[in-house]
Structures are given as C-alpha cells and as structure tokens.
Amino acid sequence: MAKSPKISASHEPGGLIVHISGLLPSLSPAEQRVARLVVADPAAAARRTITDLATTAETSEATVIRFCRSVGMDGYPQLRIRLAAEAARRIEPPDARVVGGDIPPGADLAQIIATIAFNDARAVEETAEQLDPAVCEQVVEAIGGAGRIDVYGAGASGFVASDFQQKLHRIGRTAFYFPDVHTALTSAALLGRGDVAVGISHTGTTSDVIEVLEQARARGASTVALTNFPRSPITEVADFVLTTAARETTYRSGAMASRLAQLTVVDCLFVGVAARNRAKAKKALEVTAEAVQSHRVGSTRRRG
1 MAKSPKISAS HEPGGLIVHI SGLLPSLSPA EQRVARLVVA DPAAAARRTI TDLATTAETS
61 EATVIRFCRS VGMDGYPQLR IRLAAEAARR IEPPDARVVG GDIPPGADLA QIIATIAFND
121 ARAVEETAEQ LDPAVCEQVV EAIGGAGRID VYGAGASGFV ASDFQQKLHR IGRTAFYFPD
181 VHTALTSAAL LGRGDVAVGI SHTGTTSDVI EVLEQARARG ASTVALTNFP RSPITEVADF
241 VLTTAARETT YRSGAMASRL AQLTVVDCLF VGVAARNRAK AKKALEVTAE AVQSHRVGST
301 RRRG
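Taking the UniProt record's numbering, I'd label the letters of the sequence shown as residues 1 to 304.
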C-alpha cells in the first residue's frame, strides 16, 4: 500500500485562516502576534499597511515578512490579497456579539449559547472543508484491510479514541483502545505489518500518544495522526496525517470544539470503512443492536 505524503505548509484547502491557525504553535512569538491579529479579523488586516500591522502587533516589518513566508506567502502584498478574498467568503453570525468566539465578562446566557453554537458549528464545517479526501481514502483502506487497529488518545481526545474503537468494533473490526499508557505501549509493541495504529491529540504534543504511536511504527504498523496542528511533533511519527480546524476561545482550552471536530473526522473514517463492505457492516450493526435491545426501557423482549 502506498503511503500518503504528509500535509505540507502550502496545503490549505479549507482556507487561509484555517491554515494559519494550524501553524500558530510552530511560529515564533513575534510571528504569533501577527497571526492572531490576522486570524481575529482578516478584513481589518487586509486593509492595513505592513507598517500598521507591524506596529499593532508590536513587532517589525521584517517579522511580518517572515510571517508571510512561514505561512506560504511570497510577501505582504500576496497576504493582503488572500486575506481580502478570505474575508469576502466568510460567513459571520447574525449576532455581531458572537464574532471572534470570545465570551466577554458579563455576557448573558443567550450570548454564551449563541457563541458556543456558532463556533462549534464553524469547527465542524472548517474541519470538513480542509480535510484531504485522498488521505482519508488511504486511511480507510488501511483500516479496512487491517488485521488489528489500536486507537490511542489522552484526556478529551481519549473520549474520541474510545468512541472510534467502539464504532469499529460494532462493524466487526478488531479494534482496541487502552487509556493507560503502559497498557497501550505493551499493545503497540505487539502490532506488526498489516496493523494500524491511530493516535489522536488536539495539540499534537501529548507525549504519551506520541510515544505509543512511535512504538507501533517501529513494529511495522501503519500509523495515523489526527491533530489540529500539521507541524506538531505527532506528525513526525505518523505515516498519514489528518487535521481538524478547531480554534480555542474563552474557557475552552481545546477540549470542546476540538472534540466535535475530531468526532467529525472519526465519523467520516468509520462510514468510509463500513461502506467498503456494506452488507457485512449492516449485518454486524443489526446483530449488535439486537444484543442490547432487551436493556432498553419499553422493550417488548423479556430478559432471560
């Protein structure tokens, strides 16, 4: 099976803002200040001169130029053109108080609900827009033909890993999820060629997940990383890289919108695997649903 090339810095099918957000941790502190201004308001940034943008970001014009090159632009004029185009195509919420995703002090519950709903929906939409179908297809092929699949994740990403394992198990795939890193490492050490290891980490810097994925790769298994940041450390131990497009906002340290974005990718992979053998997957889902039917309130089937 041919393995997919990793996502490059210039690969940005979901839009420039999503691309810049994904590269944010890999930028220098000064470049990050420029990036945050650009991401917060692309239209305003497109109207600024390079001197104005540098001054507002408390940095130099040379840093702005370095930022442009770091995100794949030839220079500042190209960045302004791309930002103007990005601003023109963006869909903003009807309530102007929701723009930006931050929840200010004193916000009422209606504003909190509107802000969270809008930004969660945007995370799902932007993740779908920038998801590479070719890489997804290769991951589906690998999982569909795997002798065994191990899925790893910690914290909030661990819930997503557990969900993916359960979904795969429901359609008859041999899949495991181990929340304990020691158990995960021993499991990864038993993988081999023809097996697949999936590591899920929003930041891409979770050492436990990286270590386990590295172990699986050393044993010959195909490795898949699902992360929000395409230049994060986990991508260095992955044969295939899939990215989400969730942005952190007030009170939300990557654990809310990121989880929805990750579940979007997981669902795409699950349905892709199930569709490869529709009849078998359908039968497995029917059998497993029947097995738990008697445990549902109102079931007409009596327990034995």
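Glycine residues also receive a C-beta, built at the ideal position from the N, C-alpha and C atoms.
query                                                                                                          : result
Whole-angstrom C-beta distance between Ala-291 and Thr-127, which should lie under 8 Å                         : Actually they do not touch by this definition, with Cβ atoms about 33 Å apart.
4-residue-minimum alpha helix (DSSP H) runs that sit fully inside the segment 162-250, ordered along the chain : 181-188 and 207-218
Whether Arg-148 touches Thr-174 by CB criterion (8 Å)                                                          : yes
Residue range of the beta strand (DSSP E) that includes Val-151                                                : 149-153
Cβ pair count under 8 Å reaching 3, the segment 216-226 against the segment 102-112                            : no
Helix, strand or coil at Ala-45 according to DSSP, with G and I counted as helix                               : helix
Distance CB(Thr-288)-CB(Arg-170) smaller than 8 Å                                                              : yes
Beta-carbon proximity of Ala-274 to Gln-130, cut-off 8 Å                                                       : no
Contact belief for Gly-172 with Ala-84 at Cβ below 8 Å, rounded distance in angstroms                          : Not really, about 50 Å apart at Cβ, beyond 8 Å.
Contact belief for Leu-242 with Ala-216 at Cβ below 8 Å, rounded distance in angstroms                         : With a Cβ gap of about 16 Å, Leu-242 and Ala-216 do not count as contacting.
Buried/exposed call for Gly-158, threshold 16 Cβ in 10 Å                                                       : buried
Under the three-state DSSP convention, the category Arg-296 falls into                                         : coil
Straight-line gap, Ala-154 to Asp-267 (C-alpha atoms, nearest Å)                                               : 19 Å
As assigned by DSSP and simplified to three states, the class of Glu-12                                        : The predicted model places Glu-12 with a pLDDT of 48, which falls under 50 and marks its position as unreliable, so this point remains unresolved.
Beta-carbon proximity list for Tyr-177, same chain, < 7 Å, skipping 5 on both sides                            : Val-151, Ala-161, Ser-162 and Gln-165
Cβ shell of Glu-213 (< 8 Å), same chain only, five flanking positions each side left out                       : Here residue 213 turns out to be Leu, not Glu, going by the sequence shown. Once the five neighbours on either side are set aside, the close Cβ partners of Leu-213 are Tyr-152, Ala-188, Ala-197, Gly-199, Thr-223, Ala-225, Ile-234, Val-237 and Ala-238.
First through last residue of the alpha helix (DSSP H) which encompasses Thr-59                                : Counting along the chain, Thr-59 falls outside any alpha helix (DSSP H), and DSSP gives it neither H nor E.
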